[in-house]
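Line by line, the protein sequences give chains A and B.
The numbering used here numbers the first residue of the first sequence as 1079 and each following residue consecutively.
The numbering used here numbers the first residue of the second sequence as 889 and each following residue consecutively.
The beta-carbon is built from N, C-alpha and C at its ideal position, and this holds for glycine as well.
One structure is given here, and the rest of the page talks about it.
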Amino acid sequence: METPRPYSLLCELTYRCPLQCPYCSNPIDFARHTDELATVEWERILTEAAALGAVQAHFSGGEPLLRADLPQIIRRARDLGLYSNLSTGGTLFDEKIGTQLRAAGLDSLQVSIQDADADNSDRLAGGAPSFAKKIRAAQIAKELGFFLTVNVVLHRQNLDRIEAIISMAEALGAERLELANSQYNGWALKNRAAFLPTRAQVEHAAHVAGAAQQRLKGRMKILYVLPDYFEPFPKACLYGWGRVFMTVAADGAVLPCQTAREIRGLKFDNARRHSLPEIWFESKTFQIFRGTGWLPEPCQSCPRKEVDFGGCRCQAFLLTGDATATDPVCSLAPKHHLIGDALAEAESDAGKQLVYRTAGESLRLAEAVIR
Amino acid sequence: MSNPPDTARPRLAAKVRLKRDDIRQKPLLLFPEGVLVLNQTAHEVVALCDGQRTVAEIVKTLGEKFGSDMIDQDVKDLLARLIEKGLMTVAD
């Protein structure tokens, strides 16, 4: 079978961030990777990605607005015909940078907000108060004519305010609201005891989101995905490893997904030393879980293997210690009891202490893994 | 899902870009949350949706080009699907 080509490139332009969200999708050891790519390197990477087949470029971080060269990088993406999305925490967004990004050809803007309740949003984001700045960022984005997505990561500590969250996005005039239940990998896994919701919370939220989808049809599109812990089958993670998505991290490491750095034992080639096509087609890391040939049982003989590809490799590794295992979220997985145990715990009691995504915690936790 | 009326003037939503993918040799619609690969027929229809032509005019143009009886419903089904997905808008 011919090797597929990626449609989408995620550029994590920096791991620096003024916020400290305890469910950040950056790797636990982000603070060890401080050698950021230069502007010319990102320009070359975008050129290689377009030649490889990418048609979309997502720019995130950390906080991508910390890169002074962001407009230049976006401009290159536009010149290459790539559709560009920017994900920002919003605290550094103002009229000036917004106007520059619009002129550079940015297609779509996503602002993350932690909750509709200002105090809780500030508490969850950590660092200096950010809620008011995020709201202002979303308003400026609309004033400048951007297609606006509001993204709210959902979990035990904000799910019960889902009505208010939807109203907030509606009031901001967002075209799209992404209600993304936290994925319990990396930082979120460290905080799972505090974030994993109860079944009643999840069912209530799904009901509210469903009703809002109908009510707001044609005005605001709402994406609501159930947390995979509550589903009988795993997510089609990445739509297959090394199939549609490619990520380049702040330091140039090329990853099948942004969380893949959590899988110990995998080696990631660097875009500084190899071209993206070379890495996509030839590196061991991109081939190891590509397709379905590598799948263990019960996946190998499962009729759903072309649907979910055995689920999430990072989750399999983080929960079972074996990256080739069936995603334990699957009700047919040998280690599915791990999910049941976590859910039972969530029904009885919640952890309160949050581990914030700071450089200090990153280094401490990374050190603990190496020992 | 309802058909757009003959007098509607469809055009791609502002967030959507039509792109010819030279690598895969296919026309694509690009938008914030994804990519839609178009087949040749869908491409012919989308290319005519400029906010000026009416549905009736688009059907007529394609009918002259391809001469099919089914074309009226095919075009309307496709437009209805794209409107449903929020990728196409119509002005009256």
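- When C-beta atoms of the stretch 1218–1227 of chain A are compared with those of the stretch 1179–1198 of chain A, three or more pairs fall below 8 Å, so the two segments count as touching.
- In this structure A:L1097 is in contact with A:G1205, their Cβ atoms being roughly 5 Å apart against a cut-off of 8 Å.
- Looking at A:D1195, A:C1392 and A:K1413, the one whose alpha-carbon comes closest to that of A:A1242 is A:D1195.
- Looking at A:I1366, A:Q1235 and A:G1140, the one whose alpha-carbon comes closest to that of A:G1429 is A:Q1235.
- Within a 10 Å sphere around the beta-carbon of A:P1381 sit fewer than 16 other beta-carbons, which makes this residue exposed.
- A check of alpha carbon separations from A:L1124 across A:L1115, A:A1135 and A:A1116 identifies A:A1135 as the nearest.
- The C-beta of B:P893 has fewer than 16 other C-beta atoms within 10 Å across all chains shown, which makes the residue exposed.
- Non-local C-beta neighbours of A:K1413 in its own chain, meaning closer than 6 Å and more than five positions away in sequence, comprise T1398 and P1406, ordered along the chain.
- Here A:L1164 is near A:L1187, since their CB atoms are less than 8 Å apart.
- The beta carbon of B:R899 sits no closer than 8 Å to any beta carbon of chain A.
- Interface criterion not met: the Cβ of B:V934 is under 8 Å from no Cβ in chain A.
- Under the criterion of beta carbons closer than 8 Å, A:I1106 and A:A1437 do not qualify as touching, at roughly 12 Å.
- By the neighbour-count definition (other C-beta atoms within 10 Å, threshold 16), A:T1112 is an exposed residue.
- For a cut-off of 8 Å, the C-beta gap from B:Q940 to B:R897 is around 6 Å, short enough to register as a contact.
- A Cβ-Cβ contact shorter than 8 Å links A:A1216 with A:V1189.
- The continuous beta strand (DSSP E) containing A:I1300 extends over residues K1299 to V1303.
- Cβ-Cβ separation between A:F1395 and A:E1356: approximately 25 Å, too far for a contact (criterion under 8 Å).
- Runs of beta strand (DSSP E) with 3 or more residues, each lying fully within the stretch 1241–1311 of chain A, are found at 1254–1259 and 1299–1303, listed in chain order.
- The C-beta distance from A:I1191 to A:K1174 rounds to 22 Å, too long to meet the 8 Å contact threshold.
- Short of 6 Å from the beta carbon of A:A1258, and not among the five residues preceding or following it, lie these beta carbons of its own chain, in chain order: V1231.
- With respect to B:R899, B:C937 sits close: the two C-beta atoms are nearer than 8 Å.
- The three-state secondary structure of A:Y1317, taken from DSSP, is helix.
- Judged by DSSP in its simplified three-state form, A:H1233 adopts coil rather than helix or strand.
- When C-beta distances to chain A are compared with 8 Å, the residues of the stretch 901–914 of chain B below that value are A902, K903, R905, K907, D909, I911 and R912, in chain order.
- Between A:C1408 and the set A:V1385, A:S1103 and A:E1423, the nearest pair of CA atoms involves A:V1385.
- With 16 or more other Cβ atoms inside 10 Å of its own Cβ, A:S1138 counts as buried.
- Under the Cβ distance rule, B:P892 does not count among the residues neighbouring chain A, no pair being separated by less than 8 Å.
- In the three-state DSSP reduction, A:E1090 falls in the strand class (E or B).
- Residues of chain B whose Cβ lies closer than 7 Å to the Cβ of A:Q1134 are, in chain order, L918 and V923.
- The C-alpha of A:P1376 is placed about 7 Å away from the C-alpha of A:A1411.
- Under the Cβ distance rule, B:G974 counts among the residues neighbouring chain A, one pair being separated by less than 8 Å.
- Nearest to A:D1157 by alpha-carbon distance, out of A:D1306, A:G1131, A:L1184 and A:F1171, is A:L1184.
- Chain B has a Cβ within less than 8 Å of the Cβ of A:E1253.
- For A:T1325, the secondary structure class from DSSP, reduced to helix, strand or coil, is strand.
- In this structure, B:L918 sits away from A:V1322, with a CB-CB distance that is not shorter than 8 Å.
- Pairing B:K914 with B:N927, the inter-Cα distance amounts to about 8 Å.
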